[in-house]
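Q: Count along the sequence shown from 1, add 239, and you get the number used in my numbering.
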Amino acid sequence: MKNSEIKSLSESEITERIVAEQESLTKLNFAHAISPIENPNKIRETKKLIARLKTSLRAKQLAK
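#1: Going by beta carbon distance, what residues of the same chain come within less than 6 Å of I282, once the five residues before and after it are set aside?
#2: Within the continuous alpha helix (DSSP H) that includes K303, where are the two ends?
#3: Between which two residues does the alpha helix (DSSP H) carrying S243 extend?
#4: Indicate the three-state DSSP secondary structure (helix, strand or coil) for E277 in the structure shown.
#5: May I ask you to report which of helix, strand or coil DSSP gives S249?
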């Protein structure tokens, strides 16, 4: 997800997306702990996406 796509989302959509991505990250971590996943960089990408979403959410909250 690109930053331009994130900026076009509303606060509630960003919050929903954060929850979904955190669940995805949890599943990836469990899968990686059991047996190494095919692309471990997916974990890093998911963490960075969550950080970008949280940053965008905070910026929108401060803009109010």
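Even glycine gets a Cβ: it sits at the ideal position worked out from N, Cα and C.
The structure presented is a predicted model; accordingly, all values stated were derived computationally and were not measured.
A: Taking the structure as given:
#1: Correct list, in chain order: L267.
#2: Premise fails: K303 is in no alpha helix (DSSP H) and is neither H nor E.
#3: N242 to K246
#4: coil
#5: coil
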